[in-house]
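Participant:
Numbering (our numbering), first residue to last: 24 to 210.
(1) Can you tell which of 192, 181 and 70 has the C-alpha that lies nearest to the C-alpha of residue 100?
(2) Report yes or no: do three or more beta-carbon pairs, one from the segment 185-193 and one from the segment 103-118, lie closer than 8 Å?
(3) Would you say the beta carbon of residue 51 comes nearer than 7 Å to a heavy atom of the ligand PLP?
(4) Quick one: which unbroken beta strand (DSSP E) runs of 3-plus residues sit fully inside the segment 57-89? Chain order, please.
(5) Closest to residue 114 by CA distance: which of 88, 64, 53 and 43 is it?
(6) Give the straight-line distance between the Cα atoms of residue 136 and residue 47, rounded to the nearest whole angstrom.
(7) If you draw a straight line from the alpha carbon of residue 124 to that of residue 33, how long is it in whole angstroms?
(8) Measuring only the C-alpha atoms, how far is residue 170 from residue 200?
(9) Do you know how far the Cα of residue 86 is from the Cα of residue 154?
(10) Going straight from the alpha carbon of residue 152 to that of residue 90, what length do you get?
(11) Grab me the residues of residue 111's own chain with a C-beta within less than 6 Å of its C-beta, minus the 5 sequence neighbours each way, in chain order.
(12) Under 8 Å, do residue 68 and residue 58 count as touching if we go by C-beta distance?
(13) Answer with buried or exposed for residue 61, where buried requires no fewer than 16 other C-beta atoms within 10 angstroms of its C-beta.
(14) Alpha carbon to alpha carbon, what distance is there between residue 42 and residue 139?
(15) For the beta strand (DSSP E) that residue 135 lies in, which residues bound it at each end?
(16) Can you pull the DSSP bridge partners for residue 52?
(17) Can you round the beta-carbon distance between residue 120 and residue 80 to whole angstroms, since I take them to be within the 8 Å contact cut?
(18) Going by the beta-carbon positions, is the gap between residue 128 and residue 78 smaller than 8 Å?
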């Protein structure tokens, strides 16, 4: 019973209303000659897509991809495009505010990255992770691209001087001087 009939009773009913962003990051194109292998000077095209699979609009959604300097040598993305969302402010490295992502909607950010020449030294894999906040962080996973970053040495050894009397013939007691040179034609 309500002790005050003029004051309506208030009932709280819990809900499970929440936005839920799930996403993925993919490489959509590459300009190199070896498919699936990152090459020095190659341009990689990426797509980061997030879908709101929850039952509440996601607001103030920010998508970030820092393109870590240790992996990408400090390059900046080009041709950045945002498809969907209600806003498009900021930069990819510091965060693009895409605004509101309504229930069931998808936001996609596409961009290109031209890899440095030579590729940064490392373990032979470029790791790259995008993040989204709304304010709950979610990671779509890492995209790893094997690299061919490796030295390729070719060398030559030549005789530069000899003390003997017959050119091109090694003689007993003769002193031979050599030059050894190497060239790194790798990336």
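Each residue gets a CB set at the ideal place from its N, CA and C atoms; glycine is no exception.
Facilitator: With the structure as the only source:
(1) Among 192, 181 and 70, the Cα nearest to that of residue 100 belongs to 70.
(2) Cβ pair count under 8 Å is below three, so no.
(3) Inclusion of the ligand PLP in the displayed structure is not the case, the ligand content being empty and no account of it being possible.
(4) 66-75 and 81-88
(5) The option with the nearest alpha carbon to residue 114 is 88.
(6) Those two C-alpha atoms are separated by around 18 Å.
(7) 32 Å
(8) No answer about residue 170 holds up, because its pLDDT of 47 lies below 50 and its placement is not dependable.
(9) 6 Å
(10) C-alpha of residue 152 to C-alpha of residue 90: approximately 8 Å in a straight line.
(11) 105
(12) no
(13) buried
(14) Using only the alpha carbons, I get a separation of about 38 Å.
(15) 129-137 is the span of the beta strand (DSSP E), which, as asked, contains residue 135.
(16) 68
(17) With 8 Å as the limit, residue 120 and residue 80 do not qualify as a contact, their Cβ atoms being about 15 Å apart.
(18) no
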